[in-house]
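Have a look at the structure below before the remarks.
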Amino acid sequence: VPAAPLAPLGCDDPESEAAAEVAVNYINGHSHHGFKFALNRIEDVHVVPQGPNNAIIFLELDLLETKCPILSPTPLANCTVRSFIEHAVEGDCDVKLQKLDGKISVLASKCHSHADSNKDITKVCPDCPLLVNLNNTEVLESVSALLNDFNSKTTGPYLRLLEIGRGKIQYYPSHVVTVEFAVGATNCSAEEAKVNVEACQLLPEDQSNFGFCIGTMVKHPIQNVHGDCQLYGHQVPTPDIPLLSRPGVTYAHAGQDTS
Amino acid sequence: PVTKRAVAEAAQHDKVPRPVGFVPPPPPCPGKIRHFDI
Numbered sequence: 004v005p006a007a008p009l010a011p012l013g014c015d016d017p018e019s020e021a022a023a024e025v026a027v028n029y030i031n032g033h034s035h036h037g038f039k040f041a042l043n044r045i046e047d048v049h050v051v052p053q054g055p056n057n058a059i060i061f062l063e064l065d066l067l068e069t070k071c072p073i074l075s076p077t078p079l080a081n082c083t084v085r086s087f088i089e090h091a092v093e094g095d096c097d098v099k100l101q102k103l104d105g106k107i108s109v110l111a112s113k114c115h116s117h118a119d120s121n122k123d124i125t126k127v128c129p130d131c132p133l134l135v136n137l138n139n140t141e142v143l144e145s146v147s148a149l150l151n152d153f154n155s156k157t158t159g160p161y162l163r164l165l166e167i168g169r170g171k172i173q174y175y176p177s178h179v180v181t182v183e184f185a186v187g188a189t190n191c192s193a194e195e196a197k198v199n200v201e202a203c204q205l206l207p208e209d210q211s212n213f214g215f216c217i218g219t220m221v222k223h224p225i226q227n228v229h230g231d232c233q234l235y236g237h238q239v240p241t242p243d244i245p246l247l248s249r250p251g252v253t254y255a256h257a258g259q260d261t262s
Numbered sequence: 875p876v877t878k879r880a881v882a883e884a885a886q887h888d889k890v891p892r893p894v895g896f897v898p899p900p901p902p903c904p905g906k907i908r909h910f911d912i
């Protein structure tokens with residue numbers, strides 16, 4: 004027997020928002036790369052009744068990248084959405100959910116993320132640094148230099164690169180490469196690593212053994228590197244303090260599909 | 875005699891009456907933008 008037709012759900016209705024919240028938590032919880040994403044807009048919602056107290060909800064969501072790396076312990080509610088001029092990354096997601104006896108759960112999701120166009124950024128901010136490919140030579144060189152610099156000075160564990168999250172290059176007034184990358188602690192101290200770096204193994208996949216680095220490499224007029232890394236296990240949660248004024252926060256992944 | 879005023883009033887009466895302070899509902903989708911549009 005077909006269920007009685009329901010009034011169509013609006014995108015800003017509390018039920019849609021509740022479903023979107025479940026969907027966003029699911030998407031972030033199942034992602035292993037880049038940054039956490041926050042809801043920007045519910046693009047569309049459709050409800051297909053399945054019977055009494057049972058319905059399938061289809062959501063189309065527009066998400067925006069935050070500054071919290073996916074491995075960060077900071078709750079999404081405390082994560083700042085990356086601003087437009089920081090070269091925002093958008094996520095488009097289609098999510099299928101079930102509402103059974105009032106409880107909403109995700110059945111499937113498919114997302115695609117993409118960075119805003121360079122043209123859009125330069126129109127508003129002509130000299131702002133722009134995202135470049137993660138395998139860009141200057142990005143790789145800067146990540147390596149920053150990590151070596153950090154490991155040469157730290158008294159803590161020797162850190163290994165896990166993943167580059169973001170790379171941006173600015174050409175004017177100075178040639179500056181900004182990088183953000185995830186790291187993992189190894190079983191070696193930085194001193195021990197100087198003797199035999201090959202023997203240094205990543206510690207077990209515990210959140211406290213992950214960390215994040217952010218830094219810049221000025222290429223011109225004078226070459227220098229500046230940045231910091233922090234392991235999450237050693238971090239005091241201060242989610243809304245801007246980057247570079249505190250160690251360890253941030254990284255992203257544009258052009259990524261998940262399902 | 876039929877005047878313009880009477881015709882205008884009759885046209886008004888054909889419309890569905892709306893309560894005082896009525897605000898038309900927002901379009902159901904897409905929803906509001908929480909941060910910015912790109």
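Line by line, the protein sequences give chains A and B.
Take 4 as the starting number for the first sequence in my numbering and just add one per residue.
Take 875 as the starting number for the second sequence in my numbering and just add one per residue.
A virtual CB, placed ideally from N, CA and C, is assigned to each residue, including glycine.
Practice problem: Measure the CB-CB distance between Ala-26 (chain A) and Val-109 (chain A) and report whether it falls below 8 Å. | Solution: yes
Quiz item: What runs of the alpha helix (DSSP H), each 4 residues or longer, lie entirely inside the region 92-170 of chain A?
Solution: 121-127 and 140-156
Quiz item: Among the residues of its own chain, which have a CB less than 6 Å from the CB of Asn-56 (chain A), if the five just before and after it don't count?
Solution: Asp-104
Quiz item: For a contact meaning CB atoms closer than 9 Å, what does Ile-45 (chain A) contact in chain B?
Solution: Cys-903, Pro-904, Gly-905 and Lys-906
Quiz item: Between His-22 (chain A) and Lys-906 (chain B), what straight-line distance do the alpha-carbon atoms span, to the nearest angstrom?
Solution: Reading the sequence as shown, one finds Ala at residue 22 (chain A) and not His. Cα to Cα, the separation comes out at about 15 Å.
Quiz prompt | For Asp-231 (chain A), the residue or residues it bridges with in DSSP | solution = A:Ile-217
Quiz prompt | Partner residues on chain A for Phe-910 (chain B), Cβ-Cβ distance less than 7 Å | solution = Phe-87
Quiz item: What did DSSP end up calling Gly-54 (chain A) once you bin it into helix, strand or coil?
Solution: strand
Quiz item: Of all the CB atoms in chain B, is at least one closer than 8 Å to the CB of Pro-129 (chain A)?
Solution: no
Quiz item: Would a check of beta-carbon distances place Ala-91 (chain A) closer than 8 Å to chain B?
Solution: yes
Self-check item: Cβ separation of Asp-47 (chain A) and Glu-63 (chain A), assumed to be a contact under 8 Å, to the nearest whole Å
Solution: 4 Å
Exercise. Below 8 Å on the Cβ atoms is my guess for Gly-168 (chain A) versus Phe-153 (chain A); work out the distance and round it to an integer in Å.
Key: Wrong, their Cβ atoms sit about 16 Å apart, outside the cutoff.
Exercise. Measure the alpha-carbon distance for Val-51 (chain A) versus Pro-891 (chain B) and round it to whole angstroms.
Key: 34 Å
Quiz item: In its own chain, which residues sit with a C-beta less than 7 Å from the C-beta of Lys-99 (chain A), not counting the 5 before and 5 after it?
Solution: Ile-59, Phe-61, Leu-110 and Ala-111
Practice problem: Could you tell me which of A:Ala-41, A:Asn-28 and A:Leu-164 sits nearest to Val-146 (chain A), measuring between CA atoms? | Solution: A:Leu-164
Exercise. Could you pull the start and end residues of the beta strand (DSSP E) that Ala-80 (chain A) belongs to?
Key: First-last for Ala-80 (chain A): undefined, no H or E at that position.
Quiz prompt | the region 131-144 of chain A: positions lying closer than 9 Å to chain B by Cβ | solution = none
Quiz item: From A:Val-135, A:Thr-181 and A:Ala-91, pick the residue whose C-alpha is nearest to that of His-909 (chain B); which is it?
Solution: A:Ala-91
Quiz item: Okay, do the region 127-134 of chain A and the region 206-226 of chain A touch, 3+ Cβ pairs below 8 Å being the bar?
Solution: no
Quiz prompt | Interface flag, Gly-216 (chain A) vs chain B, CB-CB below 8 Å | solution = The question names Gly, but residue 216 (chain A) in the sequence shown is Cys. With 8 Å as the cut-off, Cys-216 (chain A) does not count as an interface residue toward chain B.
Quiz item: Leaving out the 5 sequence neighbours to the left and right, which residues in its chain are closer than 6 Å to Val-198 (chain A) when beta-carbon positions are compared?
Solution: none
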